[in-house]
Structure formats: structure tokens, C-alpha cells
Amino acid sequence: MSFESPTKDSESYDSSSIKNSLLGHPRIIWGFIFLFWTLISFTFPITDFIKSLSYPEKFQFHLLRSLSESIPLFYVWFAFTPFIFWFGRKLSFERDKPWVRNLLIHVVLGYAVVSVYLLLTSAYLTVVVKGLTEIAPVLDRFFDRFYMIGHYQLIIYWAILGTGAALDYYKKYREREIEASRLLLRSTALEAQLNKAQLDSLKMQLHPHFLFNTLHAVSALIEDDPKGARRVIARLGELLRSTLDIADQQTVPLKQEIELTKLYLEIEQERFGDKLDVEIDVPSSDLDCMVPTLILQPLIENAIKHGIKDAKTKAMIEIRVSRANKKIEISVSDNGPGFSNSDSIELGDGIGLSNTKARLEQLYGDAHSFKASNNEKGGAVVRIIIPCNRSKRSNEEQ
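Structure (C-alpha cells):
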């Protein structure tokens, strides 16, 4: 049995999740940041226009001049943004970092960045906009603006720093979320593989157990009934070919399971002859329900064990199937003496029933019922209730 690593699926999930997330497209992020600063710069011409309406004698509004003054100023902040983001990552305020020291550094760094910003923009407003080339007017404008709007620019620095921290936090959150999803996928895949391995192991236990009993029957017939022994061997070969065809299937349609059961019963009837009679009652409407592979064989073997052993009359085995509320009930009963203890029937000593119970638990969990008891009319009965999941072909036809 080979195990396929779930890493491939989980890695594809991770890559697609990152690719589909906003943080998977840095160009989009910086495009939004650029658009933000552009929109902010357009608010200042609106302010200038309102001033010109309020004080027409002092202010005259010129759209192009207003835009030429505001847009470059905010694009400088856009140019500073990646550097502030970088400083924010290096000097973060996380618990495992010296956040007090980093806070003091950011205070000093904030004033330094604001000073550089005001110096550059003052030079632009003085040299480019006003056309003055002397250094003195640039410095005068720088000090005036530092005094008037320096604290506002410092708030912008901290706002950019906070935005970078929020983006980093969201990125780490998404990475943890994706990692948790990847681990969950891997855990689910491993759990599914483990369940399949356990089911395969349980199913494979039936084959040597069944072969042992059949070969025992052949050995008993060789001397007394050689023709019967040959018929048993022929039926056994046919049964083994049929089981090999479904070796990789955990469930099969009930119709196919009944056909396999009839092959098995032919072998048992060759073995016991007139001492065994079988009655099968399965509604045709239920034949497409999916049931565990070889689920009936150990139940019939149990019925033979309790129905023929020490039997003074002809043994009767009844196989009945009924459906209600999207579930089917499968019962196998006999007319023998029944279980030795009606109050406490131990299943751990026999391979057949204990194996069947374990397979049902693996396949259906709490959605199934398994009960072995003595019948009110005499004999033993084993009842199984499982969901009636239709075969794919049946669903397509419907």
C-alpha cells in the first residue's frame, strides 16, 4: 500500500490563497497608496477654492497653481512611505522587542523625517514655485513651516508608521491562517489515509479467515465426496476472482454483495448439504444501496456456527433487508440455540463479528448501528443499520 503525501495539495492551497489575497500583489498595495496620496493632494485645491470665496480680496484661486503646489508635497510623503514602513518593521513595538527603546528612536526619527520633508518641500516651493534661488528664503520658509505645521507632519509620520504596522500584522495573520489551514489539510489527509489503512487491514483479515474455513470444508469432502470437493474448489475460484475485482473498493452496491454472498452460500451448502437451508429477502429498490464489501460473509458464517452446531433439525438462515428514513437494515438470523449468554454477548473472541463491527465504526462512525442478540423466536440474529448511500450510476440515472 502506498501513501501519497498531502503536501502537494496543501502547498497548492497555500500558494493560491496568497496569490488571491491583497498582500499577494504588492503592486496593488502601492497602487492604492499612490492613489491615496493623490486624492489627499486634491483636497488642498478645494480648500484654496473655499478660501477664495470667503476672502476674494486676499485670495485668488488658480487650479493649476494650487495643484502644482499640493501634489508634489504629498508625493514626497509617498516617496518616504516605503522607508517608514522599513523602519517600522525594524523597530517594531512587539512584546519580544525593546519597544521602549524603539519608541524613543521613532520620536527622534519622526522629527528627522519631518525636518527632511519640510526642507525639501520648502526648497520646492521657494525655488520652483516662487523662482527664488537664494538659500536664505529657503531656510526662512523651512523654519516658518516647521513652526506652523511641523506637528501636523509629525502626525502624518506616525499615521504612515501605524499603517505599515497594520499591514504587517495583517500579513502575519494571513500567514498564520494559511499555515493553520495547511496543517488542517495535512492532518485531514493523514487521518483519511490512516482510516483507509485500517479499513484495508480489517478487510484483508477476512480473506485468510475465509480461506481457512473453506479449505477446511474441502478437506472434509475430499474422502467422502470428491465431486463435491471439486465443486467447492470451482466455486471458491469463482468467488476469489469476484473478490479480486473489488479488492480496492471499500463499498459495493448491495446487488453485487448479494451475488458474492450467493457464491459463498453455494460453497457452504456443498459442505453441509441438506442440513442447511437459506432464505434471502432483499427488495429490488434497495439493490443500489452501497454496503461494505464482504459485509455479509462473516454474518452468515456466524449464523452457520450458531445454527448448525449441535442442531438436531434442519438449519435455516434468513437474510433480510429493509429500508426506512434513508437507512437500510440488514439482518442475518438462524434457528439454532443462539448465543450462550443473551445478556452479554462478547464479540472480541470471534474474528468475523469483531471485524465487522470495527469496519462499520471506521466507515460510518455514529451513523450506524450494530447489534448481535438472541432472536425472540429462537436462534441468533445480527442486525446492521447503515445509511443507504446510492451508487453513482443510480444517482445519474435518477
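Counting from 637, one number per residue, gives the positions in the sequence shown under the working numbering. All residues carry an ideal CB built from backbone N, CA and C; glycine is no exception.
In the three-state DSSP reduction, residue 1006 falls in the strand class (E or B).
Check the Cα spacing between residue 750 and each of 734, 709, 996: the tightest is with 709.
Taking the Cα positions, residue 922 is about 53 Å away from residue 808. Under the DSSP assignment, residue 718 falls in the alpha helix (DSSP H) whose first and last residues are 699-726. In this structure, DSSP gives residue 817 a helical state, which the three-state scheme calls helix.
With respect to the 8 Å criterion, residue 722 and residue 729 are not classified as neighbours on the basis of their beta carbons.
Looking at 973, 771, 796, 682, the one whose alpha-carbon comes closest to that of residue 719 is 796. Residue 930 carries a coil assignment under DSSP once its states are collapsed to helix, strand and coil. Assignment of beta-bridge partners to residue 912 by DSSP yields 951. Put simply, of 662, 887, 911, 703 the residue whose alpha carbon is nearest the alpha carbon of residue 678 is 703.
Check the Cα spacing between residue 991 and each of 898, 976, 930, 959: the tightest is with 930. Taking a cut-off of 8 Å for Cβ pairs, the stretch 924-941 and the stretch 962-971 touch, as three or more such pairs fall below it.
Going by beta carbons, residue 926 and residue 888 fall inside the 8 Å limit. Taking each of 920, 852, 905, 997 in turn and checking the Cα distance to residue 894, the smallest one comes out for 920. In this structure, residue 913 and residue 950 form a Cβ contact; the two beta carbons are roughly 6 Å apart against a cut-off of 8 Å.
With respect to residue 906, residue 867 sits close: the two C-beta atoms are nearer than 8 Å.
Taking each of 771, 996, 997, 757 in turn and checking the Cα distance to residue 785, the smallest one comes out for 757. For residue 1016, the closest of 799, 821, 953 by C-alpha to C-alpha distance is 953.
Under the three-state reduction of DSSP, residue 889 is assigned to strand. At least 8 Å separates the beta-carbon of residue 871 from that of residue 915. Under the DSSP definition of a beta bridge, residue 970 partners with 953.
Secondary-structure assignment with DSSP links residue 917 through a beta bridge to 956. Between the alpha carbons of residue 993 and residue 857 lies a gap of roughly 32 Å. About 5 Å separates the beta carbons of residue 897 and residue 932, which is inside the 8 Å limit, making them a contact pair.
Taking 8 Å as the cut-off, the beta carbon of residue 974 is found no closer than this to the beta carbon of residue 909. When DSSP reads this structure, residue 941 sits in no beta bridge, so it has no partner. Counting only residues of its own chain and dropping the five nearest sequence neighbours on each side, residue 681 has a CB closer than 7 Å to the CB of 699, 702, 703, 706.
Around residue 746, the same chain offers 790, 793 as residues with beta carbons nearer than 6 Å, after the five sequence neighbours per side are excluded. Where residue 1019 is concerned, the enclosing beta strand (DSSP E) starts and stops at 1016-1023. Here residue 733 carries a coil assignment [DSSP, helix/strand/coil].
Residue range 862-881 is occupied by the alpha helix (DSSP H) that includes residue 878. Within the DSSP secondary-structure output, residue 963 pairs in a beta bridge with 960, 1023. When only Cα atoms are considered, residue 873 and residue 854 end up about 13 Å apart. Around residue 1005, the same chain offers 1021 as residues with beta carbons nearer than 6 Å, after the five sequence neighbours per side are excluded.
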